[in-house]
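Comments concern the structure below.
Residue numbers (this note's numbering), protein chains in the order written: chain A, 1 to 77; chain B, 1 to 77.
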C-alpha cells in the first residue's frame, strides 16, 4: 500500500495527533514530515491541499485535516 | 484492540472522511455512528469530547476532529 503522509509542525496538537495516527494505522504506513525542519516540503504540502497542520494526506490523495495546530500561513513564518 | 468510534452526521465531508478512515484503519477496527440517525448517541459523543463531526474517538479516548462537516450544535437541530 502506498504510504500516507502526515504533515506537522511540531506543535503539541501535532505531536498528540501523530501518536494517535501512528497507533491507528501503523508507523510503517505513514511518512511523517515536520514542516518546521523540512521547509522545502511546505510547497509539496500546499500542493497536496494541506491548509493547516496536523494533516494526513491519504494514499489516494485526500487530505484529512486533524484537529487544528497551525495554519499553513503560520508554518511559513 | 479496542475499536475507535467514528461519529458523523451524514454530510458529504463526513462520508468522504468515513471512507478514508475505513481504508486507513480497517472497517473491523472502527464503529461508525451516524448521529442524525442515533440521536441518543449525541450525549456519548459530547461526553467523549466531540465538538464537531466528522470525528474519530481513538481507543485511548483521544478525539481527532477530521476536516469540518458540522458543529455539534448543528447536529442537535
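Think of the CB as a built atom: it goes at the ideal place given N, C-alpha and C, for glycine as much as any other residue.
Practice task
Mind listing the chain A neighbours of residue 65 (chain B)? Cutoff is C-beta to C-beta under 8 Å, in chain order.
Solution key: On the second chain, residue 65 (chain B) is found 65 positions in, with the first residue counted as 1. Correct list: 66, 67 and 68.
Practice task
State buried or exposed for residue 71 (chain A), treating a residue as buried only when at least 16 other CB atoms are found within 10 Å of its CB.
Solution key: Along the first chain, read from residue 1 onward, the residue named residue 71 (chain A) stands at position 71. Residue 71 (chain A) is exposed by the Cβ-count criterion.
Practice task
Ignore the nearest five residues each way along the sequence and tell me which others in residue 69 (chain B)'s own chain have a CB closer than 8 Å to its CB.
Solution key: For the purposes of this step, residue 69 (chain B) is taken as the residue at position 69 of the second chain. Excluding residues within five positions, the ones whose Cβ falls inside 8 Å are 8, 9, 11, 12, 13, 14, 17, 52, 53 and 54.
Problem - Contact between the segment 19-39 of chain B and the segment 57-65 of chain A (3+ Cβ pairs under 8 Å) - result: yes
Exercise for the section: Going by CA-CA distance only, name the one from A:38, A:62 and A:42 that's closest to residue 2 (chain A). Expected result: Here residue 2 (chain A) refers to the residue found at position 2 when the first chain is read from its first residue. Looking at the Cα atoms, A:62 is the closest of the given residues.
Handout entry: Closest by C-alpha distance to residue 29 (chain B), when choosing among B:41, B:65 and B:4
Key = As a position in the second chain, residue 29 (chain B) is number 29, starting the count at 1. Cα-wise, what sits closest to residue 29 (chain B) is B:4.
Exercise for the section: Kindly say whether residue 22 (chain B), judged by its beta-carbon, lies nearer than 8 Å to any beta-carbon of chain A. Expected result: Here the question's residue 22 (chain B) lines up with position 22 in the second chain. Contacts with chain A at 8 Å (Cβ-Cβ) do not include residue 22 (chain B).
Exercise for the section: With 7 Å as the C-beta to C-beta threshold (strictly closer), list the residues of the segment 25-55 of chain B near chain A in chain order. Expected result: 25
Exercise for the section: Taking residue 17 (chain B) as the query, report the chain A residues whose CB atoms sit under 9 Å from its CB, ordered along the chain. Expected result: Position 17 of the second chain, counting from 1, holds the residue named residue 17 (chain B). Within chain A, the residues near residue 17 (chain B) are 62 and 64.
Exercise for the section: Measure from the alpha carbon of residue 75 (chain B) to the alpha carbon of each residue in B:45, B:19 and B:67, then state which is nearest. Expected result: In the second chain, the residue the question calls residue 75 (chain B) occupies position 75. Of the candidates B:45, B:19 and B:67, the one whose C-alpha sits nearest the C-alpha of residue 75 (chain B) is B:45.
Practice task
Could you name the residues of the same chain whose beta carbon sits closer than 8 Å to that of residue 35 (chain A), not counting the 5 residues immediately before and after it, in chain order?
Solution key: Sequence index remark: in the first chain, residue 35 (chain A) carries index 35 (1-based). Correct list, in chain order: 7, 8, 9, 41, 42, 45, 53 and 75.
Problem - C-beta neighbour in chain B for residue 4 (chain A), strict 8 Å - result: Here residue 4 (chain A) refers to the residue found at position 4 of the first chain. At least one chain B Cβ lies under 8 Å of residue 4 (chain A).
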